[in-house]
Structures are given as structure tokens and as C-alpha cells.
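Numbering (the UniProt record's numbering), first residue to last: 1 to 501.
If you want it as C-alpha cells, here you go:
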């Protein structure tokens, strides 16, 4: 009976949101001609929960491709087998017809439309206040999440807060400030409505506060970002997982560091993170990222007596070996990759089920059931450190936040040297973000918001052998944002293209 009920719930999601998938001009459409309609559906908690599940479902189809893959648009990594998609964006020669632009736009608006539909109908079910508030909080968080991704990639976009209906006309682009205000207001509402605990994969008060802190940081609202991150820290609910590499393994999902992940379970739900017997994984780390790891004495390779040119990746920050699968390291449990194998790229360890002693059998599709971590506690500490340093300088709490990350068991990097200037601390925090969050998709946004993309994304990038793989170009203002998809502009004449495209 439980299985039958789950099937019925899935069918309800399809029926209720089918009109969003059959849209007229993407947002607009008619209701499905079936037993479930907007008029007769939202009657009880089960049906409202089915609607909310439909909002989360958008993430499963979108997350592993477009939320977490930002590193391959940065100096950290490359998608080695995709010359016309991700690599064209990284090279700076993408066309406005690039499928990734359309996928990002349509997927986010699909999620927004579904969230708006839940918010418009939740009160019709006459749920108890506690249940209704939780559902509203989740829907508002998810709407903010989708709008935040649109804002990061496209800038100002049409602002839509009503559920889709055929009478909606074309809308022009709202300002970036208007979109940002909606995001922050939704996240504030979500934090006040959500419980401290929720089912795995569902957002909580801590999730909303942490994501709000991230958005505030991204928009240089230092004081508010530091204060909001501190709220999460002061909840005393989250802590660093004692094994940096194990943090990303299936067997350790929903651990103390995870504030929110996206749930996958084979065979029904799977992500696109490669999980098969191959040296390569996607994205593939570039030599620039690998060389950026300090030695285990806390010094750059150029300044450390531990550096050995004949064995350049020995004695590095231990996070290197948990993030990148170097030649000569173990793979698939008991196979050692020969150091002299002529591999152009080596693989990333994060987001694969393999580790150094055992592995979970691969699936034939090259997918896995690893839950992508969207928000984790180390990220909150890094938000706090950066924002507080920008607002107040390198005060002791900034040192404490970074040292906590560096002293994680299994990492055990030295504490930060006291007496740093604000700029010295700024550079160290930027380095720490790059290393701690490597291959998690943050660095593309970081280099743009720091204003350094034009410096680090122009010129050649190198493979593991030190050979030039490709040349990249980053033009300002063009490449600070993605192109509005050609198809969307054709459908909506009120949309204006981003500068330079």
C-alpha cells in the first residue's frame, strides 16, 4: 500500500504541474485536462505536500549540471569532452543559442512557477498553522533559491510571484535590486517560518539563514552577512565532519556538517556525477588548481622547504588528496594509477562513490546516488570570516573561523600566522575558499564578485602534464553574465539582451 500511495503522490505532482511543462512562452499555459485541476486539487495536507515535492523535484533534474559545476567555468577545472557547451562559456566564445543558457533559464522558472503555485494554494487546504507555515517557508526558500541562480547568471530577470495562468502577459526584466530584495525577503520569511529540523533533503531555519548569509556576502553586504552567518553558528546545531573526504560519501550523508543537500536514490533519482571505473571524472581539475594547494606547513610551494620538484605533490595540504585523484594514487579500491600514464586530465574525488579502500559498484549510466551538498557548515564559517574581515578587519573571530576549518581532523593544517593586515587576511580567505570548496561550484561566482575574473580567465589553461589545453577569454562586462537565451527573446520582445552579447 505504501508503494501505491507513493505512486499516487507522484502522479498528482505530474498532473498538477503538467501545465508548467506544457507552457506557453515558458511561464504560461493551461491546466491539464485530467482529474486533478487547480480548482479541485489543494484539499488536504497530502496534496499540498505533493505540490511541494514537485518544487523540490526540479532540483533533481537541474542540480548536478548547473548548480554545482561552476568550477569548470573557472581556473579550477574544465569539462574536457564538451567543446560547444561548458567549454565555450569558459573560453568566452559561447553563442546566445547555447543550450546551457536555455536550461538554466527554463529550469529556474519551472521551479519558481511551482513554488508560486504552492504559495497561492496552501491556505485553501485549511492546514494547521504549524504545517502551513512549514510548507510556506519551504516554498519561499525554494523560490529564493531559483531566483538567486537566475540573478547570478543573468542579472535582472522578469519578476513573477503569481502562479502561472494563461492571462499573464509578457514581462520585461526587473532590476537586479528588485530581484535581490525578493530573495532576501523570501529568505527572511522562510527563516521565521521553518523549523530547526526537517526531513532529509528538506530545508530548515538554519538552511534559510545560511543561504541568506551567502546572498548577502555575494552582494557585499558585509555587516548583515556576518551577522546572519553568526546566527547559524550560534545555533550550536552544526559542526565540521571529522573526515574531509568522507564528508562527500554516500555512507555519511546528512552528517553534522550538512545544512542542506539534494536527495538522490537509485534507481529512481540519480544525478549526473560520474561514478564509473575511469580515471576521468567531470569536471576535471586543471593544473592551476592543483598547484594552488599549499604545502602541509601552511606555506606556498615556492616558500616551503617541504617542496620537492621531483615529487611536487607530496606533502601538500591533505585536502588535495581528498579532492583530486592524482596519478600514482589508488582508484577503485586497489588499482594504483601509474605515475607515467600519459593522462591529459586526472579525476576529481569529490562527488564520486569511490575512495581509497573500497567502492560502491558503478551504474551503467555513469550516474550515482550521491546527494550534492548545497550548504555546509564550513561554507558558513567562510562566509562569516570574509564578511567580518571586510567589515571589521582581521579580528580574532575571523582567525578562529578559518583555524577551525584548517584544524579539522585529517586536515590539520597550521593555524594562521597572527598579525595579518586586512588585505593579507582577505587573500588568505580567498585562498581558503578556493581550496576548501574546490569542485563544489563556488569559484566561478567568487572570481566574478571579487572582480578578478578578467585577470585569471584570460590566457591559456594547462592540463596535468603542463601542456596548454585551451585559451580562454573573459571580457567585461560581457562575460560577467550569461546571455539571455535567444529563444526567450524571440518569445518575449520585452526582454533586453545582456551587454556585449
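Glycine included, C-beta positions come from ideal geometry on N, C-alpha and C.
Residue 186 is a Cβ neighbour of residue 144, given a cutoff of 8 Å. In the three-state reduction of the DSSP assignment, residue 259 falls in the strand class. At the C-beta level, residue 495 and residue 172 come within 8 Å of one another.
By the Cβ neighbour-count rule, residue 422 is exposed, with fewer than 16 other Cβ atoms within 10 Å of its own.
Pairing residue 92 with residue 481 gives a Cβ-Cβ distance that is not under 8 Å. Rounded to the nearest angstrom, the gap between the Cα atoms of residue 85 and residue 131 is 43 Å. Taking all protein chains in view, the Cβ of residue 314 is surrounded by fewer than 16 other Cβ atoms within 10 Å, so the residue is classified as exposed. When rounded, the separation of the alpha-carbon atoms in residue 261 and residue 426 is 28 Å. For residue 472, the secondary structure class from DSSP, reduced to helix, strand or coil, is strand.
No Cβ-Cβ contact shorter than 8 Å links residue 387 with residue 209. Of the residues 241, 227, 242, the one whose Cα lies closest to the Cα of residue 235 is 227.
Here residue 459 carries a strand assignment [DSSP, helix/strand/coil]. With fewer than 16 other beta carbons inside 10 angstroms of its own, residue 161 counts as exposed.
Residue 95 counts as exposed, since fewer than 16 other C-beta atoms from the protein chains shown sit within 10 angstroms of its C-beta.
In chain order, 460, 462 place their CB closer than 7 Å to the CB of residue 468, counting only its own chain and leaving out the 5 sequence neighbours on each side. Under the DSSP assignment, residue 375 falls in the beta strand (DSSP E) whose first and last residues are 373–376.
The Cβ-Cβ distance between residue 140 and residue 174 does not fall below 8 Å. If you look at residue 443, you'll find it in the alpha helix (DSSP H) that goes 443–449. Three or more Cβ pairs closer than 8 Å define a contact, and the region 381–396 falls short of that threshold against the region 71–82. Per DSSP, the continuous alpha helix (DSSP H) segment holding residue 400 begins and ends at 396–406. The bridge partners DSSP lists for residue 48 come to none. Of the residues 142, 479, 389, 198, the one whose Cα lies closest to the Cα of residue 220 is 389. Taking every protein chain shown into account, the CB of residue 97 has fewer than 16 other CB atoms within 10 angstroms, so this residue is exposed. Counting the other Cβ atoms within 10 Å of the Cβ of residue 50 gives 16 or more, which makes it buried.
Note that the region 486–501 does not touch the region 117–132; fewer than 3 beta-carbon pairs, one per stretch, sit closer than 8 Å. Annotation: the continuous alpha helix (DSSP H) that includes residue 427 extends over 422–436. Membership of residue 184 in the alpha helix (DSSP H) is indicated by the continuous run 176–193. In terms of Cα proximity to residue 248, the closest of 305, 434, 240, 370 is 370. Taken atom to atom, the span from the alpha-carbon of residue 224 to that of residue 198 is near 26 Å. Beta-bridge pairing by DSSP links residue 295 to 316. Looking at the DSSP output, residue 78 sits in a beta bridge with 284. DSSP, reduced to helix, strand and coil, places residue 244 outside both helices and strands of the structure shown, so it counts as coil. In this structure, residue 135 sits near residue 48, with a CB-CB distance shorter than 8 Å. For residue 143, the enclosing alpha helix (DSSP H) starts and ends at 129–154. In this structure, residue 241 sits away from residue 254, with a CB-CB distance that is not shorter than 8 Å. The continuous alpha helix (DSSP H) containing residue 101 extends over residues 99–121.
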